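Chains A, B and C are the protein sequences, given in the same order. Those letters in the first sequence? Residues -4 to 430, by my numbering. Those letters in the second sequence? Residues 7 to 468, by my numbering. Those letters in the third sequence? Residues 813 to 1113, by my numbering. Input: a single structure, listed below in structure tokens.
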Amino acid sequence: MTETTQANNNRGRSIDIVNASLKRRYARERRFRYLGLSAVILGLLFVGTLFVDIISKGYSAFVQTHIVLDVYFDPEVIDPDGTADPAVIARADFRQIARQPLRELFPEVSGRRDKRALYKILSSGAPYQLLDMVQADPSLIGTRQTVELIADDDIDMLAKGHIDRTAPPADRRVNDKVIGWVDKLESQGLIRKNFNTAFFTNGDSREPELAGIGGAVAGSFYTLLVTLSLSFPIGVAAAIYLEEFAPKNRWTDIIEVNINNLAAVPSIVFGLLGLAMFINLFGLPRSAPLVGGLVLTLMTLPTIIIASRAALKSVPPSIREAALGVGASRMQTVFHHVLPLAMPGMLTGTIIGMAQALGETAPLLMIGMVAFIVDVPGGPLDPSTVLPVQVFLWADSPERAFVERTSAAIMVLLAFLVAMNAIAVIMRRRFERRW
Amino acid sequence: MQLSVLVFVLLGVMALAYHLGRRRSLATVGGRVGARSLHSLPSYYGFYTALWAGLPALLIAGLWVFFEGSIINSMVVQGLPSELRELPPAQLGLLMNDVNNLASGNIVSGEVDATMQRAADHLNELRSIGSTALAIAVLSIALGTASLAWRAIGPKMRARNRVEVIVSSLLVVSSLIAILTTVGIVLSVLFESFRFFQKVPVTDFLFGLEWSPQVALRADQVGASGAFGAIPLFAGTLLISFIALLVAVPVGLMSAIYLADYAGPKLRSNAKPVLEVLAGVPTVVYGFFAALTLAPAIRGVGESVGLSVSSESALAAGLVMGIMIIPFVSSLSDDVINAVPQSLRDAAYALGATRSETIRQVVLPAALPGIMGGILLAASRAIGETMIVVMAAGLSANLTANPLDSVTTVTVQIVTLLVGDQEFDSAKTLAAFALGLLLFVVTLGLNIVALHIVRKYREQYE
Amino acid sequence: MDGLPSEEEQEMTTETATVDVDVTVPDPQTASHSKELDSNFQTVGEVRVANARMTCTDVNVYYGDKHAIKHCNLDIGENQVIAMIGPSGCGKSTFLRCLNRMNDTIDICRVTGEIKLDQQDIYDKRLDVVPLRAQVGMVFQKPNPFPKSIYDNIAYGPRIHGLASSRAELDEIVERSLSKAGLWNEVKDRLDQPGNGLSGGQQQRLCIARTIAVEPEVILMDEPCSALDPIATAKVEELIDELRQNYTIAIVTHSMQQAARVSQRTAYFHLGSLVEVGETTQVFTNPQHKLTEDYITGRFG
Chain A
-4 MTETTQANNN RGRSIDIVNA SLKRRYARER RFRYLGLSAV ILGLLFVGTL
46 FVDIISKGYS AFVQTHIVLD VYFDPEVIDP DGTADPAVIA RADFRQIARQ
96 PLRELFPEVS GRRDKRALYK ILSSGAPYQL LDMVQADPSL IGTRQTVELI
146 ADDDIDMLAK GHIDRTAPPA DRRVNDKVIG WVDKLESQGL IRKNFNTAFF
196 TNGDSREPEL AGIGGAVAGS FYTLLVTLSL SFPIGVAAAI YLEEFAPKNR
246 WTDIIEVNIN NLAAVPSIVF GLLGLAMFIN LFGLPRSAPL VGGLVLTLMT
296 LPTIIIASRA ALKSVPPSIR EAALGVGASR MQTVFHHVLP LAMPGMLTGT
346 IIGMAQALGE TAPLLMIGMV AFIVDVPGGP LDPSTVLPVQ VFLWADSPER
396 AFVERTSAAI MVLLAFLVAM NAIAVIMRRR FERRW
Chain B
7 MQLSVLVFVL LGVMALAYHL GRRRSLATVG GRVGARSLHS LPSYYGFYTA
57 LWAGLPALLI AGLWVFFEGS IINSMVVQGL PSELRELPPA QLGLLMNDVN
107 NLASGNIVSG EVDATMQRAA DHLNELRSIG STALAIAVLS IALGTASLAW
157 RAIGPKMRAR NRVEVIVSSL LVVSSLIAIL TTVGIVLSVL FESFRFFQKV
207 PVTDFLFGLE WSPQVALRAD QVGASGAFGA IPLFAGTLLI SFIALLVAVP
257 VGLMSAIYLA DYAGPKLRSN AKPVLEVLAG VPTVVYGFFA ALTLAPAIRG
307 VGESVGLSVS SESALAAGLV MGIMIIPFVS SLSDDVINAV PQSLRDAAYA
357 LGATRSETIR QVVLPAALPG IMGGILLAAS RAIGETMIVV MAAGLSANLT
407 ANPLDSVTTV TVQIVTLLVG DQEFDSAKTL AAFALGLLLF VVTLGLNIVA
457 LHIVRKYREQ YE
Chain C
813 MDGLPSEEEQ EMTTETATVD VDVTVPDPQT ASHSKELDSN FQTVGEVRVA
863 NARMTCTDVN VYYGDKHAIK HCNLDIGENQ VIAMIGPSGC GKSTFLRCLN
913 RMNDTIDICR VTGEIKLDQQ DIYDKRLDVV PLRAQVGMVF QKPNPFPKSI
963 YDNIAYGPRI HGLASSRAEL DEIVERSLSK AGLWNEVKDR LDQPGNGLSG
1013 GQQQRLCIAR TIAVEPEVIL MDEPCSALDP IATAKVEELI DELRQNYTIA
1063 IVTHSMQQAA RVSQRTAYFH LGSLVEVGET TQVFTNPQHK LTEDYITGRF
1113 G
């Protein structure tokens, strides 16, 4: 490509030496380029692997295996005296009701061990399902109903194909007999996979098929509510002071350096602070979203302050001069003119801070939000857990069904985060102003 | 009265105070027509009254929320029979825990006896008295301060200036919270660490080679030596962080360079946000990925070539942590590389340097301090990272440099020592705070140095 | 803080006023000078020379939608200095940067037309910019030494191009380049000190030395003296005059005196158009075009 430049010139030109070196240099250029490209591809590959791994493990948790059974709500068992008293009904042995149709379907099963194994294909939550039905509608007593009862997690896994049927029996959680029963049910069309609403409404449970993220989502909601209602006003106020009013002296320098450093302090240290101060010193309740929210407030404040200051900085001085020029006080200038213009940037920073807080786990472990809590919390003082901590708790559980649920919980968590970040990006695009 | 209801009532009082204050200011000058003779706009008189109505009352309510627990607790303890009051603090704590659970209708661990039931009733009674008293106190303070402010309103009162003074002091207080947080962190870890170092000498902690924090509760307990030598933890932390940086620095730096200097606009605008997704993924997700996907995979590969790999290998935790900090390194490098003035690149291009020659020999050397600062920040991030190591690294404090072995880290130990049941005087719990202090000091040091380098670097090209 | 200081008001109004003059409100005196020339305007004077080293034919440059250089034809003769003059923003620097494709580093910049170096179109898609820039070196407006030692600054070009096969040879190139740039005696004892430590004039001569170390055949200089004091400027001008023996030089300058002193030919640019080209003495003593005359006599610019 450079032949012509060498043409018709006989004296020793340095360009000839340059041309001679080109091949080697371009080889190096190419190597460097490929190195960079492979770094980018590697990074993208990591993202892809992470998401594919989580989704492939978790998508099946959004359906739940049910067993369709013809249940006879036997008045003899539920309410032998016909009192219709809710207290009597609540004490009734619904396990028997749930087991009866199985006995009818598999009359050949005998022996205590086999029978127990047969009953175990239903979840331990199935009787409560029936109880709820009767409590909602007492007229069901004495009738026969076709009911979809929740299957046990092992049956769920088997039906979803997560259990390797060819593995030696000792290595799998269901034996051949159970597989035979399930296959029979399946062939009669009695195994049904429905959308798993319970996963979104239930609290935590030891039984994977009953465990849901409802409690954790509510806990996350209250925690973020506390965080947002504290960190946004405080962060914006601090930013306004530092950017608009503070004299530039040693003291404000210290505050500034301090904020920058706080932004990089490991989150677990904030957990230690929360434990020592809020719980041990002030005696606030453990495991409460209030304390979680306080700790996360302290953690997200630097993020919000830094973003808010940047937003204030980007408002041009001419706006301030214009307001001061018509006789507004500095406070009026800031609150009437500067703040509204900086608000989109501040809100974007706040949303990003909230997204950070939503994904945070470590400091909440310190203040006891790792407790096993079955109830869905009803307020910021009820003991509760949050979504990422729920992920942490489930990730520790050995059951295969919990792996699926953990991944599904992660998917929900990521969906929230993606939504929050998308809102932040849209706001930035929509309201970004170039001065 | 519920606290939230109280807050809403208080907000109502503030709204009312605003309205009354505004009305009074107009009334003193004979209605709207006289508004010009007021010093400030009528609404400032309203704000003034409302702020006086709300702030003192909110302050009281806030203080009460913070101290209610400890005050009521100590009153209940006072009400206990003397033989229970004399119990050692740990047992008393357990007892009070049960009383608390009983009072709020939760499941109680032990058996409920009459004393406990009485204590729980006492607790509930105190709580209801407390909240009623709080409601009365808060509302009367609100009304009292509001009426004082209301009476002071007159045409000469400089309401705007007063409101602005109040608001600006609120602004100052908000900016002080950042300082208070740091002070709080330092005090809480320092105080508990101090107590720890009274039980375990500092030198044993810093230079000891053995870590096994189980303290014997009874003299005859086995396997509880209680050694607090933190060296294995440092070594484990450094090993994992080193592996992480080994992944993150080359990948992050090279992808930043490639996206900045080589990639077409389409690849750049698509790949950058995708890589940044890695920064937004919660660490617990990485932990799950490391523990359930990568660690078994590494183990499988290792065993297929005949290596013995621990199921909680440092390699898995380090690799995943490296993936986590890739976007951190790449966005910092991107900033730093972009700060290198175009004139330097022009100079190199004008001499006939190829792109990679310009980058390697001109841009990178010029950006080196900034990149070093970024790497230090990334290192501080890796050292303080918790969830990945809690889920994917081990608990056993091995002193090893083999990445296939299981090691433990400072953060893992803090979590293990503080999660679950804890007694607040044992060296075991206090050790967590000593580790926290260490972690804080090290990361703070790294951050200060790194931020200083980066700032110096920026000034150089401004 | 409630009242407004009158100074502040004053400052604001004057500031807006100056901006207006530049952008919208045409000053009656410069009205004719702020109008762009027709696109079919023909350059006055002889654009071609007998011993042309570079030949530009119908060169157009666009920055996004902005047409920055319009239909420009110009030859750059061997072993002579051509000066490019004109008011700010007239496109002379843009044109200069086309000559070794430095505009490639600006994403939105697009160049059409033909620029030939020794009969080879440098905008040919297959042409490699690396040897092109080794052949056509450039010195920039602001001295931009690498943050390395003086020695490494000079040695950088020879190193990447492999011009020296031994350390001794490299030393020789460094000494020769620095001597040619008239800097050797000033820096020979501190070659290992950073290049940014030199004074402005020394830095610029260092940059010139760095350029000639690669032994280019054409040197482009973009206002090389605008950041220098008169004494340093005089030294650089002397240097340019000496370099003319061996190199072809194109220099953009704001100073007409400088153009008159160092160049043999002068090209006058006006708002993206090449208005007039000719022998320097002729352009300065007897300009043919009205715009050139107005500029040279100082009516605007």
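Beta carbons: idealized from backbone N, C-alpha and C, even for Gly. Note that the structure is a prediction, hence the values are computed from the model and not measured.
Check the Cβ-Cβ distances between residue 815/C and every residue of chain B, and say whether any is below 9 angstroms. For residue 815/C, the predicted model reports a pLDDT of 40, less than 50, meaning its position is unreliable and no value from the coordinates is stated.
What are the boundary residues of the beta strand (DSSP E) that includes residue 885/C? If you look at residue 885/C, you'll find it in the beta strand (DSSP E) that goes 878 to 889.
9 angstroms Cβ cutoff, residue 453/B in contact with chain A: At a cut-off of 9 angstroms between beta-carbon atoms, residue 453/B makes contact with chain A.
Taking 9 angstroms as the CB-CB cut-off, is residue 870/C touching chain B? No, its Cβ sits nowhere closer than 9 angstroms to a Cβ of chain B.
Measuring alpha carbon to alpha carbon, tell me which residue in 870/C, 966/C, 1037/C is nearest residue 996/C. The candidate whose alpha carbon is nearest that of residue 996/C is 966/C.
List the residues of chain C whose Cβ lies closer than 9 angstroms to the Cβ of residue 235/A, in chain order. In chain C, no part has a C-beta under 9 angstroms from the C-beta of residue 235/A; the shortest such distance is about 16 angstroms.
Neighbourhood of residue 1056/C by C-beta distance below 7 angstroms, restricted to the same chain and skipping five residues each side: Listed in chain order, the non-local C-beta contacts of residue 1056/C below 7 angstroms within the same chain comprise 891, 892, 893, local neighbours out to five positions each way being set aside.
Rounded to whole angstroms, what is the Cα-Cα separation between residue 49/A and residue 422/A? Going from the Cα of residue 49/A to the Cα of residue 422/A covers about 29 angstroms.
Please name the residue in 132/A, 185/A, 209/A, 161/A whose C-alpha comes closest to that of residue 117/A. It is 185/A.
Spatially closest choice to residue 176/B from 232/A, 22/A, 125/A, by CA coordinates: Taking only the C-alpha atoms, the option nearest residue 176/B is 232/A.
If you draw a straight line from the alpha carbon of residue 45/A to that of residue 303/A, how long is it in whole angstroms? In a straight line, the C-alpha of residue 45/A is about 32 angstroms away from that of residue 303/A.
Between residue 899/C and chain A, is any beta-carbon pair separated by less than 9 angstroms? Not closer than 9 angstroms to any Cβ of chain A, the Cβ of residue 899/C fails to qualify, so no.
Inter-residue Cα distance where the pair is residue 28/A and residue 268/B: So the alpha carbons of these two residues sit roughly 7 angstroms apart.
Along chain B, in chain order, which residues have C-beta atoms closer than 9 angstroms to that of residue 943/C? Correct list: 358.
My understanding is that residue 452/B touches residue 374/B, with C-beta atoms under 8 angstroms, so please give their C-beta distance in whole angstroms. So it is not a contact: roughly 18 angstroms between Cβ atoms.
Minimum length 4: unbroken alpha helix (DSSP H) runs contained in the region 118 to 193 of chain B: Taken in chain order, the complete alpha helix (DSSP H) segments of 4 residues or longer contained in the region 118 to 193 of chain B are 120 to 158.
Local conformation of residue 17/A per DSSP, three classes: Helix at residue 17/A.
Going by other Cβ atoms of all chains shown within 10 Å of its Cβ, with 16 needed for buried, is residue 903/C buried or exposed? Per the 10 Å Cβ criterion, buried.
Can you list, in chain order, the residues of its chain whose CB lies under 7 angstroms from that of residue 63/B, leaving out five sequence neighbours each side? The beta carbon of residue 63/B sits closer than 7 angstroms to those of 16, 144, 147, 148, all from its chain and outside the five residues before and after it, given in chain order.
According to DSSP, is residue 358/B helix, strand or coil? Residue 358/B: coil per DSSP, three-state reduction.
Could you pull the start and end residues of the beta strand (DSSP E) that residue 953/C belongs to? For residue 953/C, no beta strand (DSSP E) segment is defined, and its DSSP state is neither H nor E.
Rounded separation between residue 394/B and residue 415/B - CA only: In this structure, the straight-line span from the alpha carbon of residue 394/B to that of residue 415/B is close to 11 angstroms.
For residue 17/A, which residues in chain C fall below 8 angstroms Cβ to Cβ? In chain order: 940, 942, 943.
Shorter than 9 angstroms from the beta carbon of residue 1013/C to some beta carbon of chain B? Between residue 1013/C and chain B, the shortest Cβ-Cβ separation is not below 9 angstroms.
Just the chain C side, please: which residues come within less than 7 angstroms of residue 174/B by C-beta, in chain order? Chain C residues near residue 174/B: none, gap ~12 angstroms exceeds 7 angstroms.
Beta-carbon spacing of residue 226/A, residue 348/A below 9 angstroms: Taking 9 angstroms as the Cβ cut-off, residue 226/A and residue 348/A qualify as a contacting pair.
Answer with buried or exposed for residue 10/A, where buried requires no fewer than 16 other C-beta atoms within 10 angstroms of its C-beta. So residue 10/A counts as buried.
Using a 10 Å radius around the Cβ and a threshold of 16 neighbouring Cβ atoms, would you call residue 86/A buried or exposed? By the neighbour-count rule (16 or more Cβ atoms within 10 Å), residue 86/A is not buried but exposed.
Do residue 315/B and residue 412/A have their CB atoms nearer than 9 angstroms? Their beta carbons are not under 9 angstroms apart, which means residue 315/B does not touch residue 412/A by this criterion.
DSSP three-state call for residue 324/A: helix, strand or coil? Looking at residue 324/A - three-state DSSP - the assignment turns out to be coil, as it is neither helix nor strand.
Terminal residues of the alpha helix (DSSP H) in which residue 255/B lies: Run containing residue 255/B: 237 to 263, per the alpha helix (DSSP H) assignment.
Using the beta-carbon of each residue, which ones in chain C are nearer than 9 angstroms to residue 333/A? Neighbours of residue 333/A on chain C: none; closest Cβ ~14 angstroms, over 9 angstroms.
At a CB-CB cut-off below 7 angstroms, which residues of chain C make contact with residue 14/A? In chain order: 943.
According to DSSP, which residues form a beta bridge with residue 60/A? Residue 60/A is bridged by DSSP to 188/A.
Where the beta strand (DSSP E) containing residue 210/B begins and where it ends: Where residue 210/B is concerned, there is no enclosing beta strand (DSSP E), although the alpha helix (DSSP H) around it starts and stops at 208 to 213.
Look up residue 107/A in the DSSP assignment and say whether it is helix, strand or coil. Residue state, collapsed to three classes: helix.
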